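So the structure is just underneath, and the comments pick up after that.
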Amino acid sequence: MLTPDRIDEIRRHTGVSAIDAIHALVMADGNVQRAIGDLNNHTRSGNRAIIAATRESAQRIAAALIEAGLWFECELTADSRWRFCVALGAYSKLLALSSAAASEEAAAA
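My numbering puts the first residue of the sequence shown at 311, with every later residue one more than the last.
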């Protein structure tokens, strides 16, 4: 549930904007602690990143990001993994898309 108290709590603990707090709370299904954890588990820069270990995962994540209309950057790391970077407000969506891609890969195996 989105309430001003929950949004303020997330903002107090993370320093993000109200919009980013709302987005994180929605993606965490109303769980304040999970939303805070999702926002804090990564560097405090303006962008957030995840790593895709396989080409198939990277392709699924890229397709989902494009379909969702989210801006992203992708680069191949030195250890042949794909690093996806999105703006802070889209990070929770990136986590959800990454989880979905991993689930699809596990089901296909």
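Glycine is no exception: its CB is placed at the ideal position from the N, C-alpha and C atoms. As the structure is a computational prediction, the values presented were derived from the model and not from experiment.
Could you pull the DSSP bridge partners for residue 381 from this structure? The partner list for residue 381 (beta bridge, DSSP) is empty, contrary to what the question assumes.
Same chain, Cβ closer than 7 Å to residue 316, neighbours up to 5 away in sequence not counted: 335, 342
Per DSSP, residue 459 forms a beta bridge with which residues? Outside the displayed span of the chain (311 to 419) sits residue 459, for which this structure offers no information.
For residue 385, decide whether its Cβ has a neighbour in chain D, counting only Cβ atoms nearer than 8 Å. Looking at the structure shown, chain D is missing, and only one protein chain is on hand.
Can you tell me where the alpha helix (DSSP H) with residue 327 in it begins and where it stops? Here residue 327 belongs to no alpha helix (DSSP H), and DSSP marks it neither H nor E.
List the endpoints of the continuous alpha helix (DSSP H) containing residue 404. 401-418
Specify the secondary structure class of residue 345 as computed by DSSP and reduced to three states. helix
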